[in-house]
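Chemist:
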Amino acid sequence: MKNNGEIAKRKDGKKKVYDPVISKLKKEKKKKKKLEKKKKKLKEKSKNNEIYSDKKSNNKSDSDISDELIVNFDLVDPDNIYKDNIKILLKNSELYSNIKCFEELTHIICEQQNIGKFVCISNENENENENNLISFATIINLNQYNELISLKEFFINKIEKINKNIELEENRKQIKMLLENKNLNIGLLISNRIINCPICLIPLIHKNIGEDIIWSQNIDDLDQNEKKFYFFDYILFYTKAYKNLEKKKKKLKEKSKNNEIYSDKKSNNKSDSDISDELIVNFDLVDPDNIYKDNIKILLKNSELYSNIKCFEELTHIICEQQNIGKFVCISNENENENENNLISFATIINLNQYNELISLKEFFINKIEKINKNIELEENRKQIKMLLENKNLNIGLLISNRIINCPICLIPLIHKNIGEDIIWSQNIDDLDQNEKKFYFFDYILFYTKAYKNVNNNDQIIFFNFEEEHFFKHKLYYFMWNNNNIKKFYEIENEKNKEANYKEFVIVFIIPYSKYQQVSEELQNSI
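FYI, in UniProt numbering the residues of the sequence shown are 1 to 527.
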């Protein structure tokens with residue numbers, strides 16, 4: 001698709017030339033009407049957990065109004081319940097995944113309660129916090145633990161083996177000499193976080209680690225053989241860097257009037273072990289816009305579902321330009337022009353018969369149905385879905401969505417509720433061309449996602465996104481195929497974590513549009 005000379009709409013089979021000025025005016029008009037007709041937003045608040053609000057400022061113009069979600073974060077001490085999440089974050093860093101003492105390092109990070117901070121999305125049920133870990137940081141003395149001798153050797157070997165650089169030769173020698181000195185206390189800073197973890201969390205984490213160290217140095221009844229390791233001489237960093245890249249945009253301010261805010265208030269009524277810092281983060285629920293195009297591309301590619309389709313660029317463009325239907329979620333930013341860097345989730349529904357640019361997407365699904373290995377049990381399902389897709393008189397909406405790992409779960413019902421409102425609003429615009437409006441009266445919603453089956457129990461299906469399980473209960477037809485990937489999951493058995501292997505499948509299923517509305521409402525009560 002091109003920006004100029006693009007075909008905007010078809011009326012009576014004739015092509016209509018795209019006019020950017022008229023198009024912009026129409027979009028603004030639609031947006032204004034949409035905001036005027038929207039129903040009241042959800043207003044659910046919990047005392048210390050995820051809270052989203054829909055307060056609209058009288059000082060803002062209609063075009064500036066957006067939904068806001070306030071999420072609280074807990075800054076907690078290390079604990080073994082987070083072990084599986086720490087493993088994932090460590091492996092994702094690609095720095096520690098191949099070291100010999102990976103398991104021991106993970107254990108020490110979780111068990112060294114004197115120093116270190118973990119960040120979780122607040123949860124009313126404290127026992128479920130382990131699933132909400134989004135960041136961690138700690139400092140470990142390389143001379144303190146016998147289990148980590150191989151980690152120290154790992155760094156020394158790296159220094160010896162990497163290609164020598166004359167300019168940095170003295171640096172190599174000095175770092176090696178420091179590491180080999182057993183009388184020095186060298187702390188290794190280890191940390192990682194999910195993509196788009198609120199930037200304002202980071203100073204708070206390191207501030208608390210500094211306080212942890214001071215506290216550890218001043219515990220009166222602590223064994224001197226342990227206490228000596230907390231008087232650090234140096235801090236070692238082991239991370240990644242990049243050259244010849246454009247400079248990053250300015251960071252989010254630590255505090256902003258209506259955006260991310262963190263507090264460091266500690267209650268005198270709590271014991272030291274109960275104290276946790278709380279961060280309140282606001283999220284904006286906004287209409288699709290082309291400024292988010294690059295982020296949408298990243299999220300689409302990360303889903304591994306759409307990255308190889310022929311019309312990938314066209315699909316990305318339509319997701320961003322179809323302002324009638326769809327919702328994007330961003331971390332609030334005082335500077336609205338920088339919001340495009342804070343996208344954490346999106347969802348939309350696109351009619352497979354509406355856009356000529358997406359004909360190949362519809363063909364992609366039909367070809368999949370024809371080519372995958374036939375399953376006698378699902379043969380009728382395959383035939384029915386193919387028949388529905390080939391019927392040009394039906395309005396089949398493809399639900400497309402993705403989000404960063406650990407995107408606040410309470411956002412999901414709000415996103416789908418708003419998409420439902422978008423559809424109703426689009427169906428009731430008085431002055432909308434009937435040739436466009438007809439595409440918003442959906443008959444069915446098509447889902448194209450991933451699911452997992454236990455190698456030892458084929459009856460159990462785990463969906464890639466939790467909400468898909470709720471929609472799947474109302475399926476008319478479905479089919480799935482194994483894409484030859486194996487994923488490891490951790491299950492609790494006899495109060496212990498047990499590793500289990502799951503086969504990865506791609507699954508396609510279709511539901512009546514009325515069930516999409518029903519489940520969207522039910523999701524509100526499922527969180």
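Built from N, CA and C at the ideal position, the CB exists for glycine as well.
Quick check on Pro-203: does DSSP put it in helix, strand or coil?
Modeler: Helix at Pro-203.
Chemist: Keeping to the same chain, check which residues put their C-beta closer than 7 Å to that of Asn-132; ignore five residues upstream and five downstream.
Modeler: If we look at Asn-132 and ignore the five residues flanking it on each side, its Cβ neighbours are Cys-120, Ile-121, Asn-123 and Asn-406.
Chemist: I'd like to confirm the pairing. Which residues does DSSP put opposite Ala-137 in its beta bridges?
Modeler: Ala-137 pairs with Lys-117 and Ser-191.
Chemist: Return helix, strand or coil for Asp-422, following the three-state DSSP convention.
Modeler: Asp-422: helix per DSSP, three-state reduction.
Chemist: With the cut-off set at 9 Å, would you say Tyr-234 and Leu-184 are in Cβ contact?
Modeler: Yes, the pair counts as a contact, with Cβ atoms nearer than the cut-off.
Chemist: Please list the terminal residues of the continuous beta strand (DSSP E) segment that includes Phe-346.
Modeler: Segment 343-351, the beta strand (DSSP E) holding Phe-346.
Chemist: Candidates Leu-523, Lys-453, Phe-73 and Phe-441: which alpha carbon is nearest Trp-481's?
Modeler: When each option's Cα is compared against that of Trp-481, the closest is Lys-453.
Chemist: Let's test the definition: count the other Cβ atoms within 10 Å of the Cβ of Leu-343 and tell me whether it reaches 16, buried, or not, exposed.
Modeler: Label assigned to Leu-343: buried.
Chemist: Taking the alpha-carbon positions, what's the Ser-66 to Pro-408 distance?
Modeler: The predicted model places Ser-66 with a pLDDT of 47, which falls under 50 and marks its position as unreliable; any figure quoted below should be read in that light. Distance between the alpha carbons of Ser-66 and Pro-408 is about 18 Å.
Chemist: Can the beta-carbon of His-416 be found less than 9 Å from the beta-carbon of Glu-467?
Modeler: The answer is yes: Cβ separation under 9 Å.
Chemist: With 16 other CB atoms within 10 Å as the buried threshold, where does Ile-156 fall?
Modeler: Label assigned to Ile-156: exposed.
Chemist: Which of the three DSSP states is assigned to Asp-212 in this structure?
Modeler: Reduced to three states, the DSSP call for Asp-212 is helix.
Chemist: Straight-line CA distance for Lys-38 to Lys-473?
Modeler: For Lys-38, the predicted model reports a pLDDT of 41, less than 50, meaning its position is unreliable; a value from the coordinates is still stated below. Their Cα atoms are separated by approximately 29 Å.
Chemist: Sort out for me which residues DSSP pairs Glu-504 with in a bridge.
Modeler: Tyr-452 and Asn-485, per the DSSP bridge assignment.
Chemist: In the structure shown, what three-state DSSP assignment does Tyr-242 receive?
Modeler: Three-state DSSP puts Tyr-242 in coil, outside helix and strand.
Chemist: So Leu-432 packs on Gly-397, CB below 8 Å; how close in whole Å?
Modeler: Not a contact, Cβ separation roughly 17 Å.
Chemist: Taking all protein chains shown into account, decide if Ala-241 is buried (16 or more other Cβ within 10 angstroms of its Cβ) or exposed.
Modeler: Ala-241 should be labelled exposed.
Chemist: With distances taken from CA atoms, which of Gln-322, Ser-303 and Lys-374 is nearest Tyr-440?
Modeler: Nearest option by C-alpha distance: Gln-322.
Chemist: Would you grab the beta carbon distance between Leu-358 and Leu-411 for me? Rounded to a whole angstrom, and I think it's under 8 Å.
Modeler: With 8 Å as the limit, Leu-358 and Leu-411 do not qualify as a contact, their Cβ atoms being about 27 Å apart.
Chemist: Taking all protein chains shown into account, decide if Ile-115 is buried (16 or more other Cβ within 10 angstroms of its Cβ) or exposed.
Modeler: When all chains shown are included, Ile-115 counts as buried.
Chemist: Go through its chain and collect everything with a Cβ distance to Phe-328's Cβ below 7 Å, but skip five positions before and after it.
Modeler: Excluding sequence neighbours, Phe-328 sits near Val-286, Pro-288, Tyr-292, Leu-343 and Phe-346.
Chemist: Within 10 angstroms of its Cβ, does Ser-401 collect 16 or more other Cβ (buried), or is it exposed?
Modeler: Counting Cβ neighbours within 10 Å, Ser-401 comes out buried, since at least 16 surround it.
Chemist: Can you tell which of Asp-79, Lys-297, Ile-86 and Ile-369 has the C-alpha that lies nearest to the C-alpha of Val-506?
Modeler: Nearest option by C-alpha distance: Ile-369.
Chemist: Which value, in whole angstroms, describes the spacing of the CA atoms of Gly-13 and Asn-435?
Modeler: Bear in mind that the predicted position of Gly-13 carries a pLDDT of just 47, short of 50, making it unreliable; the figure below should be weighed with that in mind. Their Cα atoms are separated by approximately 10 Å.
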